[in-house]
Amino acid sequence: MYYQKFQLSLVLFVLKIGIGKIEPYYCRVQKHRRLQKLEAVRGLAAFYVFLHHFVHLNEDLIFLRKYFIFGQLAVLTFFVLSGFVIYYASIGRKPALRFRDFFVHRFRRIYPPFLLALALGWVVRSIAIGEVADPNWDQLLGNLFMLQDKNIVGSWFSPYLGNSPLWSLSYEWWFYMMFFGLHLLTRKRPQQQKFIALGLSILGFISFQIAPNPISLFLGYFILWWSGLELAREYLEDNTLTWRRQAISIASVGLAGICWGIPAFIAYRSGLAINIGVHPFIEFRHFSSIFLVLFAGIIWYKLKFIGFQQTLSIFSRLAPISYALYIVHLPIIAFAVHFQFTGSAWLDFLWVTPLVLGLSWVIEQPFQKWINTWLR
Numbered sequence: 055m056y057y058q059k060f061q062l063s064l065v066l067f068v069l070k071i072g073i074g075k076i077e078p079y080y081c082r083v084q085k086h087r088r089l090q091k092l093e094a095v096r097g098l099a100a101f102y103v104f105l106h107h108f109v110h111l112n113e114d115l116i117f118l119r120k121y122f123i124f125g126q127l128a129v130l131t132f133f134v135l136s137g138f139v140i141y142y143a144s145i146g147r148k149p150a151l152r153f154r155d156f157f158v159h160r161f162r163r164i165y166p167p168f169l170l171a172l173a174l175g176w177v178v179r180s181i182a183i184g185e186v187a188d189p190n191w192d193q194l195l196g197n198l199f200m201l202q203d204k205n206i207v208g209s210w211f212s213p214y215l216g217n218s219p220l221w222s223l224s225y226e227w228w229f230y231m232m233f234f235g236l237h238l239l240t241r242k243r244p245q246q247q248k249f250i251a252l253g254l255s256i257l258g259f260i261s262f263q264i265a266p267n268p269i270s271l272f273l274g275y276f277i278l279w280w281s282g283l284e285l286a287r288e289y290l291e292d293n294t295l296t297w298r299r300q301a302i303s304i305a306s307v308g309l310a311g312i313c314w315g316i317p318a319f320i321a322y323r324s325g326l327a328i329n330i331g332v333h334p335f336i337e338f339r340h341f342s343s344i345f346l347v348l349f350a351g352i353i354w355y356k357l358k359f360i361g362f363q364q365t366l367s368i369f370s371r372l373a374p375i376s377y378a379l380y381i382v383h384l385p386i387i388a389f390a391v392h393f394q395f396t397g398s399a400w401l402d403f404l405w406v407t408p409l410v411l412g413l414s415w416v417i418e419q420p421f422q423k424w425i426n427t428w429l430r
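Numbers in my numbering are just positions in the sequence shown, counted from 1, shifted up by 54.
Following this line, the structure appears as structure tokens:
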């Protein structure tokens, strides 16, 4: 009992030190308090995914798994946040932004850390098996072209060497490309954009039912990302969020969710047991979850984010490293679980956490700054 309490105290100490030391960017966030809450949710989502995988890969922590079952919801929340941030930082402020500038900014933000994550996965695999690992060229190329997805119906390539969080990067990348293409085509008719985004998502749903493939899923999930964009659009224009302006966006997510619920209902009526972690139920779960998140988010906004400062504000400090944290943590956790250096998941947490946070900081700060200077 006392030993477990001691281990837990050490874990809490590591968390306090690890999160508390990420100060420079946090201070800059404080200067732009309008987005601090967004940053906090981003940091929380990334750290939750880290904890989710740490708990689920360690048998010693099986009793905690019931508290970490929302990993995919955290990732889907990333989609909404991404839609908000991309519009807020690009077209929302610079409507005449050129595609080259947009592409370079997105490429240098996504690909360099992504390439490091791919390399890390290969190095960890090689160390684990005691020899040079097969690079799995087909899978690697599929990931480099951002065509990886979860192991679901219609997927072409799995996330490289089992680094499962990488599945969402393909969605993010193609959301960026679809967003800018839609912007160029409808620059003078911005109010039509949300309807076209919904149309693309419905097209993705229909084509996926005919021939399951990742391209259809990128289209199908586009409306989730776009819902974040509509939040940013109103916030930039009116400095507020209203039910009136967001009604169509939220209803679009709901309509898309109903579409995905149809094959799930048909499968259930045909005798297939409900499993919200697999097709065709998982897609309905994704859309219904974000529908509720959007509702809850606006309600919380109307309540002036009551309780935020006391509960979530600290996670703003993780926002500057959230992307790297998200893509590099799993190989390191898998490494720790494979070798069992300490013989205790609690003790492993004491070295895995600072290692993951430290590596994420190196990638997001000095490395990313060098990339930004070199690639303009």
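By construction, the Cβ of each residue, glycine as well, lies at the ideal position given by its N, Cα and C atoms.
Extent of the continuous alpha helix (DSSP H) run through residue i
{"i": "A388", "result": "376 to 393"}
{"i": "Q193", "result": "191 to 198"}
{"i": "A305", "result": "297 to 323"}
{"i": "T365", "result": "362 to 365"}
{"i": "R147", "result": "R147 -> no alpha helix (DSSP H), and no H or E assigned at all."}
{"i": "H333", "result": "It is not in any alpha helix (DSSP H) - H333 carries neither H nor E in the DSSP assignment."}
{"i": "L174", "result": "153 to 183"}
{"i": "S136", "result": "125 to 143"}
{"i": "F104", "result": "90 to 111"}
{"i": "D203", "result": "It is not in any alpha helix (DSSP H) - D203 carries neither H nor E in the DSSP assignment."}
{"i": "S270", "result": "268 to 274"}
{"i": "N426", "result": "422 to 428"}
{"i": "L411", "result": "399 to 416"}
{"i": "W210", "result": "Looking at the DSSP string, W210 is not in any alpha helix (DSSP H), and its letter there is neither H nor E."}
{"i": "F259", "result": "247 to 264"}
{"i": "S222", "result": "221 to 239"}
Nearest candidate by alpha-carbon position, reference residue i, set the options
{"i": "P334", "options": "N205, A100, R241, Q245", "result": "N205"}
{"i": "I207", "options": "F161, Y377, N267, G308", "result": "Residue 207 is actually Val in this sequence, not Ile. Nearest C-alpha to V207: N267."}
{"i": "L151", "options": "L223, L130, P189, R241", "result": "R241"}
{"i": "L273", "options": "L195, G253, A265", "result": "G253"}
{"i": "L127", "options": "F108, D114, A100, G196", "result": "A100"}
{"i": "D114", "options": "V332, L236, V391", "result": "V391"}
{"i": "D203", "options": "R163, P219, D188, W191", "result": "P219"}
{"i": "K248", "options": "F211, I269, S224, F276", "result": "F276"}
{"i": "Y42", "options": "W280, E337, F389, V332", "result": "As shown, the chain starts at 55 and ends at 430. That puts residue 42 outside it, with no answer to give."}
{"i": "I256", "options": "N112, R162, I316, L401", "result": "I316"}
{"i": "I260", "options": "S212, I312, F389, W400", "result": "I312"}
Residue i at chain C interface by Cβ criterion, 8 Å
{"i": "W228", "result": "Absent from the structure is chain C; it holds one protein chain and no more."}
Pairwise C-alpha distance: residue j and residue i
{"i": "K358", "j": "Q193", "result": "46 Å"}
{"i": "F362", "j": "I368", "result": "10 Å"}
{"i": "G216", "j": "V178", "result": "11 Å"}
{"i": "L413", "j": "F234", "result": "32 Å"}
{"i": "L250", "j": "F157", "result": "The displayed chain sequence assigns Ile, not Leu, to residue 250. Approximately 22 Å, taken between the alpha carbons."}
{"i": "W314", "j": "T427", "result": "44 Å"}
{"i": "E185", "j": "W176", "result": "11 Å"}
{"i": "W221", "j": "Y165", "result": "14 Å"}
{"i": "R160", "j": "G308", "result": "29 Å"}
{"i": "A350", "j": "R96", "result": "16 Å"}
{"i": "A321", "j": "A265", "result": "17 Å"}
{"i": "D155", "j": "F168", "result": "20 Å"}
{"i": "I352", "j": "R298", "result": "11 Å"}
{"i": "L135", "j": "K356", "result": "18 Å"}
{"i": "L384", "j": "F108", "result": "8 Å"}
{"i": "S398", "j": "W415", "result": "26 Å"}
{"i": "Q422", "j": "T396", "result": "33 Å"}
{"i": "Q246", "j": "K120", "result": "43 Å"}
{"i": "L174", "j": "L223", "result": "16 Å"}
{"i": "V83", "j": "D188", "result": "Any reading at V83 must be qualified, since the residue scores a pLDDT of 39, below 50, and its modelled position is unreliable; the value itself is stated next. About 42 Å."}
{"i": "N201", "j": "S209", "result": "What sits at residue 201 in the sequence shown is Leu, not Asn. Their Cα atoms are separated by approximately 8 Å."}
{"i": "H110", "j": "G325", "result": "30 Å"}
{"i": "I386", "j": "R371", "result": "21 Å"}
{"i": "F122", "j": "I116", "result": "10 Å"}
{"i": "L429", "j": "S376", "result": "22 Å"}
{"i": "A373", "j": "I145", "result": "22 Å"}
{"i": "Y380", "j": "Q263", "result": "31 Å"}
CB-CB length for residue i against residue j, believed under 8 Å
{"i": "F341", "j": "A310", "result": "6 Å"}
{"i": "E288", "j": "L278", "result": "Between L278 and E288 the Cβ distance is about 17 Å, and since that is not below 8 Å, they are no contact."}
{"i": "R339", "j": "I330", "result": "5 Å"}
{"i": "L238", "j": "G258", "result": "Not a contact, Cβ separation roughly 20 Å."}
{"i": "Y214", "j": "L172", "result": "5 Å"}
{"i": "E418", "j": "A378", "result": "5 Å"}
{"i": "A94", "j": "L290", "result": "Going by Cβ atoms, the distance from A94 to L290 rounds to 20 Å, so no, they are not a contact pair."}
Check: residue i C-beta below 7 Å from any heavy atom of the ligand FAD
{"i": "F319", "result": "The ligand FAD is absent from the structure shown, which contains no ligands of any kind."}
Subject >> Contact between the region 283 to 294 and the region 125 to 145 (3+ Cβ pairs under 8 Å) >> reply: yes
**OP:** Would you check if the region 332 to 351 and the region 290 to 309 touch, i.e. whether three or more CB-CB distances between them fall below 8 Å?
**Re:** yes
Original post:
Counting pairs of Cβ atoms below 8 Å between the region 96 to 116 and the region 395 to 411, do you hit three or more?
Top reply: yes
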